[in-house]
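Undergrad: Residue numbers (my numbering): 249 to 354.
We treat Cβ as the ideally placed atom computed from N, Cα and C, and that holds for glycine.
First, the structure itself, so that you have it in front of you.
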């Protein structure tokens, strides 16, 4: 089942380290079938206080998403982001086509 890595990044310092991170991240995604679905862009806040840039990556499954995040290639570039941005990152599994709200009730 499709899985997603979702990040909300704030206080990003655009400089040489973030540029290097952006130049190298695509190569870390490819072996795990990862791809960008959302990469910043305008956000319309409808409820709450959502600040920062939203990034969403899609993967064939949760196993691939975890393997990407834990990979040596990604671990090497991760400090380039974490030293220059504050944020939250999660992995979450998607739902099957046709899923309905009541499906979580059992």
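What span of residues does the beta strand (DSSP E) with residue 341 cover, start to end?
TA: Element bounds for residue 341: 334-341.
Undergrad: Taking only three categories from DSSP, how would you classify residue 331?
TA: Coil.
Undergrad: First and last residue of the alpha helix (DSSP H) that includes residue 276?
TA: Its alpha helix (DSSP H) spans residues 264-277.
Undergrad: On the criterion of 16 or more Cβ atoms from any shown chain inside 10 Å, does residue 346 qualify as buried, or is it exposed?
TA: With fewer than 16 other Cβ atoms within 10 Å, it is exposed.
Undergrad: Hey, would you say residue 306 sits closer than 9 Å to residue 269, going by beta carbons?
TA: For residue 306 and residue 269, no; Cβs fall outside 9 Å.
Undergrad: Taking all protein chains shown into account, do 16 or more other C-beta atoms lie within 10 angstroms of the C-beta of residue 283, making it buried, or fewer, making it exposed?
TA: Looking at its Cβ environment, which holds fewer than 16 other Cβ atoms inside 10 Å, residue 283 is exposed.
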